Amino acid sequence: MNSASGATTRAFRISGILDACLLLLTLGIISPWLARAFDALTWVRLAWLSDLASHWQWLWASLLVTIVLIRVWQRAHLRLGLLGLLLLPCWSAAPRLPIADGPSNPPTLRIAAVNLLVTNHDAIGLRAFLDQVKPDIVVLTELHPDIARTAGTWGDYPERFMLAEDSPFGIGVLSRVPWQDAESQIDATGLPEIDVRLVWQGKPVLLSAVHPMPPMSAAWHQARAEKLQAVAKRQQTFPGARLIVGDLNASPWSSALRPLNATYQRANALQATWPSNALGWLGIPIDLILASPDWAVQQFQVAPAFGSDHHPVWADLVLIDQDAKQESP
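Given below as structure tokens:
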């Protein structure tokens, strides 16, 4: 009798622990909304912590499925209803660009974002990536001076602007497409940015290469949000198509992107880009290509990592005929 009673107690304890985990995972999945609510209430620390949790949607979803299945096996069949939460990560993410339609081969601008890892001083992996993917414009973050010196000799990317540093905040842009001009910007925390202006398919284009502070504290969380909003505000005066590209240290679920959602959409799908040594559902998508409504995305890819803890990403973008878009029903 005592043995049976002890087994029952252990079973209840295990069930209670699993249900507590389900509650925590539910909070993780709804954390994008929690972060926005705490931001609105100016509860800074809770907003920061909720935003950190919001990045890991695929991890929370995977664990939720696992525990729900265990509880169903334990005959707690009502827990199956929690699987409806799996729809929320797609709903809470920042909006995505429309998929390009129309002509079968529209002119595309291939944009890449590559975090090189500051401790990586070898340009061989970057060169191989460029030879394989052939992006028209590539934004480089964590750009070390050794790689910048080598990249400066590559004739197939004649347009280049590099602010290399022996720190995580070196940044650069390489391009096959001719530029009108490029200039450096310094944000409120002293970090560099690059603005590149060009004309593509007859339309002016402004690309801003950025790499905010990682949100490792409430203050850095705020600094990242302010930086992205400042870049977007600076771009609003530009009379053409706009792009914000780089390691944004913010996933599509982050509250840092919410103020940009009305004027920018992501070319990215929701595949993880960091850390590169983790399974996809263990990582987070923080290397982003954001675009104004002038664009549609034809394809997006996460490439294999080379010498970095980030996966490179690239997208083929197509300019939308705004007049035709306005006339369509």
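For the record, in the sequence shown the residue sitting at position 157 is 157 according to the UniProt record's numbering, with numbers rising by one throughout. Note that CB positions come from ideal geometry on N, CA and C, so glycine has one too. On a predicted model such as this, the values are computed, not experimentally measured, just so you know.
Measuring only the C-alpha atoms, how far is residue i from residue j?
{"i": "Ser208", "j": "Ser276", "result": "25 angstroms"}
{"i": "His311", "j": "Arg10", "result": "44 angstroms"}
{"i": "Ala123", "j": "Leu116", "result": "9 angstroms"}
{"i": "Leu228", "j": "Leu22", "result": "34 angstroms"}
{"i": "Leu130", "j": "Leu85", "result": "39 angstroms"}
{"i": "Val139", "j": "Arg160", "result": "10 angstroms"}
{"i": "Leu52", "j": "Gln236", "result": "28 angstroms"}
{"i": "Leu109", "j": "Ala188", "result": "31 angstroms"}
{"i": "Ala76", "j": "Trp91", "result": "27 angstroms"}
{"i": "Trp220", "j": "Ala315", "result": "29 angstroms"}
{"i": "Ile286", "j": "Pro304", "result": "15 angstroms"}
{"i": "Trp179", "j": "Trp200", "result": "9 angstroms"}
{"i": "Asp181", "j": "Thr66", "result": "52 angstroms"}
{"i": "Asp136", "j": "Arg71", "result": "51 angstroms"}
{"i": "Ala20", "j": "Ala250", "result": "28 angstroms"}
{"i": "Trp295", "j": "Leu198", "result": "15 angstroms"}
{"i": "Ser328", "j": "Asp146", "result": "With a pLDDT of 47 at Ser328, under the threshold of 50, the modelled position of that residue is not reliable, and the figure given next carries that caveat. Going from the Cα of Ser328 to the Cα of Asp146 covers about 51 angstroms."}
{"i": "Gly155", "j": "Val313", "result": "23 angstroms"}
{"i": "Ala218", "j": "Val44", "result": "7 angstroms"}
{"i": "Leu41", "j": "Ile30", "result": "17 angstroms"}
{"i": "Asp39", "j": "Pro215", "result": "14 angstroms"}
{"i": "Asp166", "j": "Thr150", "result": "15 angstroms"}
{"i": "Gly202", "j": "Pro107", "result": "12 angstroms"}
Is it the case that the Cβ atoms of residue i and residue j are separated by a distance below 7 angstroms?
{"i": "Arg266", "j": "Leu288", "result": "yes"}
{"i": "Gly125", "j": "Gly240", "result": "no"}
{"i": "Thr141", "j": "Gly246", "result": "yes"}
{"i": "Asn268", "j": "Pro95", "result": "no"}
{"i": "Gln301", "j": "Val318", "result": "no"}
{"i": "Ser50", "j": "Ala35", "result": "yes"}
{"i": "Leu143", "j": "Ile99", "result": "no"}
{"i": "His211", "j": "Phe169", "result": "yes"}
{"i": "Val173", "j": "Val196", "result": "yes"}
{"i": "Leu59", "j": "Leu270", "result": "no"}
{"i": "Pro32", "j": "Ser15", "result": "no"}
{"i": "Leu80", "j": "Leu25", "result": "no"}
{"i": "Leu191", "j": "Phe238", "result": "no"}
Taking DSSP's pairing of strands, which residues face residue i in a bridge?
{"i": "Glu165", "result": "Beta-bridge pairing links Glu165 to no other residue."}
{"i": "Gly172", "result": "Leu140 and Met162"}
{"i": "Lys134", "result": "Answer is none; Lys134 lacks a bridge partner."}
{"i": "Ile284", "result": "Trp274"}
{"i": "Ile289", "result": "Val245"}
{"i": "Val114", "result": "Leu140"}
{"i": "Arg266", "result": "Arg96 and Leu290"}
{"i": "Ala182", "result": "Val196"}
{"i": "Leu109", "result": "Leu317"}
From what residue to what residue does the beta strand (DSSP E) around residue i run?
{"i": "Gly246", "result": "Ala241 to Asp247"}
{"i": "Trp313", "result": "Looking at the sequence itself, residue 313 is Val, so the reference to Trp does not match. Here the beta strand (DSSP E) through Val313 covers Val313 to Leu319."}
{"i": "Asp146", "result": "Segment Pro145 to Ala151 is the alpha helix (DSSP H) holding Asp146; no beta strand (DSSP E) there."}
{"i": "Ser62", "result": "Taken as a continuous stretch (DSSP letters only), Ser62 belongs to no beta strand (DSSP E), being part of the alpha helix (DSSP H) at Gln57 to Trp73."}
{"i": "Ile99", "result": "Counting along the chain, Ile99 falls outside any beta strand (DSSP E), and DSSP gives it neither H nor E."}
{"i": "Val196", "result": "Pro192 to Trp200"}
{"i": "Pro204", "result": "Lys203 to Ala209"}
What distance in whole Å lies between the Cβ atoms of residue j and residue i, which are believed to be in contact at a cut-off of 8 angstroms?
{"i": "Gly28", "j": "Trp56", "result": "7 angstroms"}
{"i": "Thr263", "j": "Ala232", "result": "6 angstroms"}
{"i": "Ala93", "j": "Trp253", "result": "6 angstroms"}
{"i": "Ala148", "j": "Ala128", "result": "About 17 angstroms separates the two Cβ atoms, so there is no contact after all."}
{"i": "Leu97", "j": "Ala291", "result": "6 angstroms"}
{"i": "Leu82", "j": "Val68", "result": "5 angstroms"}
Along the chain, where does the alpha helix (DSSP H) that runs through residue i open and close?
{"i": "Gln299", "result": "Run containing Gln299: none in the alpha helix (DSSP H); it sits in the beta strand (DSSP E), Trp295 to Val302."}
{"i": "Lys233", "result": "Ala218 to Gln235"}
{"i": "Leu46", "result": "Val44 to Ser54"}
{"i": "Ser31", "result": "Ser31 to Ala40"}
{"i": "Pro89", "result": "Leu88 to Ser92"}
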